[in-house]
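K.L.:
What follows is a structure written as structure tokens; I'll ask about it next.
Chains as they are written, first to last, in my numbering: chain A, 1 to 112; chain B, 1001 to 1113.
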């Protein structure tokens, strides 16, 4: 019940294309779903996050879509750029859990 | 606002030794959590502290321990190091802990030889 399943493991997208990464969770107690971006040798950086009371959140080229009934959420990167090439992690957390459960990561490569 | 600071950035230790890693959270944040990141296991939760109290602990052996000081700075200690402890150790700072935004430091790269 504590797992967060993330797919795909790796993704190659052309510059200007849309990158889509999916995650699914099991624990309905989770109420906070962030996405992190990590470059080699760096710590994960918070990109965007959503709570279950909304179905979509957009910040610049990054959008989270959230489906509460399916217990799934996804990250869309519009107009993908080579600088977006990084590993992306979804995560889930609940106010009473005091921890974050991370997906296994998606290595994104955007071709110039 | 200064970010999360972890020291040292790199460490090389020998099997059997012990190591202490340090984390200074963002000013005003009272929750500090620790994660181990490895290529095979991904990001694994170690423990979380809030106002000097450990509120949650992950599934790691007792060789892994931590503490938090009154200024919210935190340390984690690993005793009797094993080769499998080689990893990137990440500290995350949060205002309240689970369910709220968390910001990571750059990590400490520990290599056990």
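Every residue gets a Cβ at the ideal spot worked out from N, C-alpha and C, and that includes glycine.
DSSP puts residue 34 of chain A in a beta bridge; with which residues?
P.N.:
Position 34 of the first chain, counting from 1, holds the residue named residue 34 of chain A. For residue 34 of chain A, which the question treats as bridged, DSSP gives the partners A:49.
K.L.:
Note down the Cα distance separating residue 28 of chain A from residue 1099 of chain B, rounded to an integer number of angstroms.
P.N.:
Numbered from 1 along the first chain, position 28 holds the residue referred to as residue 28 of chain A. Numbered from 1 along the second chain, position 99 holds the residue referred to as residue 1099 of chain B. The alpha-carbon atoms of residue 28 of chain A and residue 1099 of chain B are separated by roughly 13 Å.
K.L.:
Cα-Cα, which of A:94, A:75, A:56 is closest to residue 22 of chain A?
P.N.:
In the first chain, the residue the question calls residue 22 of chain A occupies position 22. Answer by Cα proximity: A:75.
K.L.:
Using a Cβ-Cβ cut-off of less than 9 Å, give me the residues of the region 85-106 of chain A that come near chain B, in sequence order.
P.N.:
89, 91, 93, 94, 95, 96, 97, 98, 99, 100, 101, 102, 103, 104, 105
K.L.:
Please go through the same chain and pick out, in chain order, the residues whose beta-carbon is closer than 6 Å to the beta-carbon of residue 1111 of chain B, but skip the five residues on each side of it.
P.N.:
Translated into the one-based positions of the second chain, residue 1111 of chain B becomes position 111. Only 1012, 1086 meet the Cβ criterion.
K.L.:
If you draw a straight line from the C-alpha of residue 112 of chain A to the C-alpha of residue 60 of chain A, how long is it?
P.N.:
Stepping through the first chain from its first residue, residue 112 of chain A is reached at position 112. Stepping through the first chain from its first residue, residue 60 of chain A is reached at position 60. So the alpha carbons of these two residues sit roughly 20 Å apart.
K.L.:
With a threshold of 16 other CB atoms inside 10 Å of the CB of residue 1047 of chain B, please say whether the residue is buried or exposed.
P.N.:
The residue given as residue 1047 of chain B occupies position 47 in the second chain. Residue 1047 of chain B is buried by the Cβ-count criterion.
K.L.:
Is residue 1022 of chain B closer than 9 Å to residue 1007 of chain B when the C-beta atoms are compared?
P.N.:
Counting from one through the second chain, the residue named residue 1007 of chain B turns up at place 7. Counting from one through the second chain, the residue named residue 1022 of chain B turns up at place 22. Yes.
K.L.:
Please determine, among A:26, A:2, A:45, A:6, the residue with the shortest C-alpha to C-alpha distance to residue 86 of chain A.
P.N.:
Counted from its first residue, the first chain places residue 86 of chain A at position 86. Checked all of A:26, A:2, A:45, A:6; the closest Cα to residue 86 of chain A is A:45.
K.L.:
What in chain A is Cβ-close to residue 1064 of chain B, meaning under 8 Å?
P.N.:
Counting from 1 along the second chain, the entry for residue 1064 of chain B is found at position 64. The contacting residues do not exist; residue 1064 of chain B stays about 14 Å from chain A at best.
K.L.:
Taking a contact to mean a Cβ-Cβ separation below 9 Å, would you say residue 80 of chain A touches residue 16 of chain A in this structure?
P.N.:
Counting from one through the first chain, the residue named residue 80 of chain A turns up at place 80. Counting from one through the first chain, the residue named residue 16 of chain A turns up at place 16. The Cβ-Cβ distance between residue 80 of chain A and residue 16 of chain A falls below 9 Å.
K.L.:
Looking at the secondary structure, which residues open and close the beta strand (DSSP E) in which residue 111 of chain A lies?
P.N.:
Locating residue 111 of chain A in the first chain gives position 111, where the first residue counts as 1. 106-111 is the span of the beta strand (DSSP E), which, as asked, contains residue 111 of chain A.
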